[in-house]
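As structure tokens, the structure follows; a few thoughts come after it.
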Amino acid sequence: MSRPQAYVTNLELRASNPDGTEGAGLSHSSEGLFLLHVLELASYGEPRGCATVLHDAGDHGARYEELAHALAADGWAVALPDLRGHGRSEGDRGHSWGFQEVARDLDAILDHLAYRLPDEPQVLIGQGVGATQALAYACERPGRVAALVLLSPLLEPRFQPPQKKGGLRGMFSKIGPQSAGSIGWSPDERTGDSAAAAAIRADEHMHDAITLRGVEAFGEALDRVQRGAAALKTPALILHGQDDPIAEPARSLALARDGIEVRVLEGLRHDLAHEKNADETQRAIATWIDKTVPRG
0 MSRPQAYVTN LELRASNPDG TEGAGLSHSS EGLFLLHVLE LASYGEPRGC ATVLHDAGDH
60 GARYEELAHA LAADGWAVAL PDLRGHGRSE GDRGHSWGFQ EVARDLDAIL DHLAYRLPDE
120 PQVLIGQGVG ATQALAYACE RPGRVAALVL LSPLLEPRFQ PPQKKGGLRG MFSKIGPQSA
180 GSIGWSPDER TGDSAAAAAI RADEHMHDAI TLRGVEAFGE ALDRVQRGAA ALKTPALILH
240 GQDDPIAEPA RSLALARDGI EVRVLEGLRH DLAHEKNADE TQRAIATWID KTVPRG
């Protein structure tokens, strides 16, 4: 039996103001709407709910299609969005106008899924920066999702902000919100699987850019995590590679408490969906979700 094919939805969202709130606009123009690319996969058989996967910095949703198939086989309809400035979505590479923009876009994605399955639970899964954004969203929107799965959450800034150029050129240049810096993570830091690292290098939709405002947007998400994680009532599973050189495993372990389970995976690095034994990680995620959000 062949696997179902993923299909694309382009959500028409509002452009953003500099603080991340919704901007004005009535049509798709430079001051109007914004196209957000979402790859979707229907559940295998009767759907039990919806799962949304948030990618990492410089990343895109289509890379998580194998994880999506593992979830779909367990009855979940899955959305793989490209956040603004990533993948096939519009926007300057690596740019965000703030966490409020991310939260608005997540509202739109979850509302889109809920339109099809209004009475079924929603699960949010994130990788790296996407895990931080997922956790921040759950802190800011209590009760919106039934469970969280956080893969290698980044809980401290690890970027290279834009730097002013030296010499005469630097005298006439200014660093602004959309000035580009660097994420600074190599494929080999992301994964210890050589084939997966080679795929990252060959992927035209992967990039290394993050703007000044993008760095600030991450800081806003991190601030919400620091203020709200202790009171979080949404059950969460955190998986973290023991050998992760990007996000410190100890910071994930510090979040462990009743309702937040943390597992450190021996011999793995940062990008757990594209690491050695990724199929085992996918099964662990599906098993935990099945236990935490049982079929209705």
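Each step along the sequence shown adds one to the number in numbering that gives the first Met the number 0, with nothing skipped, and position 207 is 206. Glycine residues also receive a C-beta, built at the ideal position from the N, C-alpha and C atoms.
Buried versus exposed, by CB contacts within 10 Å (16 or more), residue i
i, result
"Y6", "exposed"
"E100", "buried"
"S1", "exposed"
"Q225", "exposed"
"Q281", "buried"
"G218", "exposed"
"E119", "buried"
"P234", "buried"
"T296", "Absent from the structure is residue 296, since the part of the chain shown begins at 0 and ends at 295."
"Q162", "exposed"
"Q241", "exposed"
"R256", "exposed"
"D243", "buried"
"D336", "In the structure as shown, the chain starts at 0 and stops at 295, and residue 336 therefore has no counterpart that could be examined."
Contacts around residue i, its chain only, beta-carbon distance under 8 Å, and the 5 residues preceding and following it disregarded
i, result
"Q126", "V52, L53, H54, D55, D58, Y63, L150, S151, D270, L271 and A272"
"E39", "A5, Y6, V7, T8, A76, V77, A78 and L79"
"M170", "Because M170 sits at a pLDDT of 49, beneath the cut-off of 50, its placement in the model cannot be relied upon, and the following sentence gives the value as read from the coordinates. Cβ neighbours of M170 beyond the five flanking positions: none."
"S178", "P161, T210 and L211"
6 Å Cβ shell around residue i - same chain, five flanking residues per side excluded
i, result
"E89", "F33 and L34"
"L252", "V261"
"E274", "T190, D192 and L267"
"S26", "Low local confidence applies: a pLDDT of 43 at S26 is under 50, so the model's placement there is unreliable, with the coordinate-based value given in what follows. Nothing listed; no residue qualifies."
"P176", "L211 and R212"
"W184", "I245"
"D81", "H36, H59, G60, R87 and S88"
"P186", "A196, I199 and R200"
"G129", "L53, H54 and D55"
Distance between beta carbons of residue j and residue i, contact taken as under 8 Å
i, j, result
"H206", "G93", "7 Å"
"A145", "V292", "5 Å"
"C138", "A208", "Going by Cβ atoms, the distance from C138 to A208 rounds to 27 Å, so no, they are not a contact pair."
"L116", "R143", "Actually they do not touch by this definition, with Cβ atoms about 15 Å apart."
"W96", "P156", "Their Cβ separation, rounded to whole angstroms, is 18 Å, which puts W96 and P156 out of contact at 8 Å."
"R47", "G258", "Actually they do not touch by this definition, with Cβ atoms about 22 Å apart."
"Y136", "L123", "7 Å"
Span of the alpha helix (DSSP H), counted from its first residue to its last, around residue i
i, result
"G227", "L211 to G227"
"P186", "P186 to R189"
"R87", "R87 -> no alpha helix (DSSP H), and no H or E assigned at all."
"T291", "A277 to T291"
"E65", "E64 to A71"
"A198", "S193 to A201"
Endpoints, the beta strand (DSSP E) within which residue i is located
i, result
"S181", "A179 to S181"
"N9", "Y6 to R13"
"T51", "G48 to L53"
"W75", "W75 to P80"
Residues of its chain near residue i, where Cβ-Cβ distance is below 7 Å and the 5 sequence neighbours each way are ignored
i, result
"P160", "G180, L211 and V214"
"A324", "Beyond the ends of the chain as shown, which are 0 and 295, falls residue 324; an answer cannot be given."
"D289", "D73"
"T20", "Q99"
"A50", "L70, W75, V77, V122 and I124"
### Those runs of the alpha helix (DSSP H) which lie wholly inside the segment 103-169 and span at least 4 residues
128-139, all fully within the segment 103-169.
### Task
Note down, one range per segment and in chain order, each beta strand (DSSP E) of at least 3 residues found wholly within the segment 226-275.
For the segment 226-275, whole beta strand (DSSP E) runs of length 3 or above, ordered along the chain, are 235-240 and 259-264.
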